[in-house]
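Scroll down for the structure; my scribbles are underneath it.
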Amino acid sequence: MIENLCKENGGRVTFIPLNTVQAQQVPYPESSDVIPVLKKLRFPHNYSPAFEEVRCDKVSQNGCMTGGFYDYRHSKLKLRNTIKQNTESIDEKKIELEKKISELVGEQQKADAKLAYDKSALEQLKRDNANAKNQQHSISKVIEKKVVRILKLLLCIILCNLSVLIA
Numbered sequence: 007m008i009e010n011l012c013k014e015n016g017g018r019v020t021f022i023p024l025n026t027v028q029a030q031q032v033p034y035p036e037s038s039d040v041i042p043v044l045k046k047l048r049f050p051h052n053y054s055p056a057f058e059e060v061r062c063d064k065v066s067q068n069g070c071m072t073g074g075f076y077d078y079r080h081s082k083l084k085l086r087n088t089i090k091q092n093t094e095s096i097d098e099k100k101i102e103l104e105k106k107i108s109e110l111v112g113e114q115q116k117a118d119a120k121l122a123y124d125k126s127a128l129e130q131l132k133r134d135n136a137n138a139k140n141q142q143h144s145i146s147k148v149i150e151k152k153v154v155r156i157l158k159l160l161l162c163i164i165l166c167n168l169s170v171l172i173a
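What the sequence shown shows, in our numbering, is residues 7 to 173, in sequence order.
In structure tokens, the structure reads:
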């Protein structure tokens, strides 16, 4: 086996005694596109720990397994599970943010409507104030003219009375 690996530049092989192998249980995702290889293999039961320890990335139709050392930090299954959890978390946060955005947009629309109403009311008050000033000015002119007329009439009356008294 070793000679064949060397001739083919096949990489390396590590031999471990069966009585020292302690395989860890791997949680496989429940998905239609994932099938644990161990369920498809036939082997004597006493070799189970060795087969459970073998990790591979891909199994071809002719049974060739590619891959090798299993590093839990780089586990595709673990990464897939982490991605799924993160996707769910992101989806939840997205829903929360969309709800918050909707609330804020509603509040902004209310504030904009109130601002528009207040601006309209202010403009109306300015127009009313300008009209009141114009009316006050007009009334003041009318009063001023009437006061001048009354004073002229009084002056006429006084002059008439004076001329009657002198005559």
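In this text, a Cβ means the ideal position worked out from N, Cα and C, and glycines have one as well.
In terms of Cβ geometry, residue 55 and residue 31 do not form a close pair [threshold 8 Å]. The DSSP-derived three-state label of residue 50 is coil. Within the stretch 120-166, no run of beta strand (DSSP E) reaches 3 residues while sitting entirely inside it. Note on geometry: alpha-carbon atoms of residue 14 and residue 36 lie some 38 Å from one another. In its chain, beyond the 5 residues on either side, 52, 53, 55 and 56 have a beta carbon closer than 8 Å to the beta carbon of residue 24.
Here residue 20 carries a coil assignment [DSSP, helix/strand/coil]. For the 8 Å CB-CB criterion, residue 58 and residue 44 form a contact. When DSSP states are grouped into helix, strand and coil, residue 115 belongs to the helix group. Assigned with DSSP and collapsed to three states, residue 15 falls in coil, not helix or strand. A direct Cα-to-Cα measurement between residue 163 and residue 150 gives close to 20 Å. Straight through space, the alpha carbons of residue 26 and residue 41 are spaced by roughly 27 Å.
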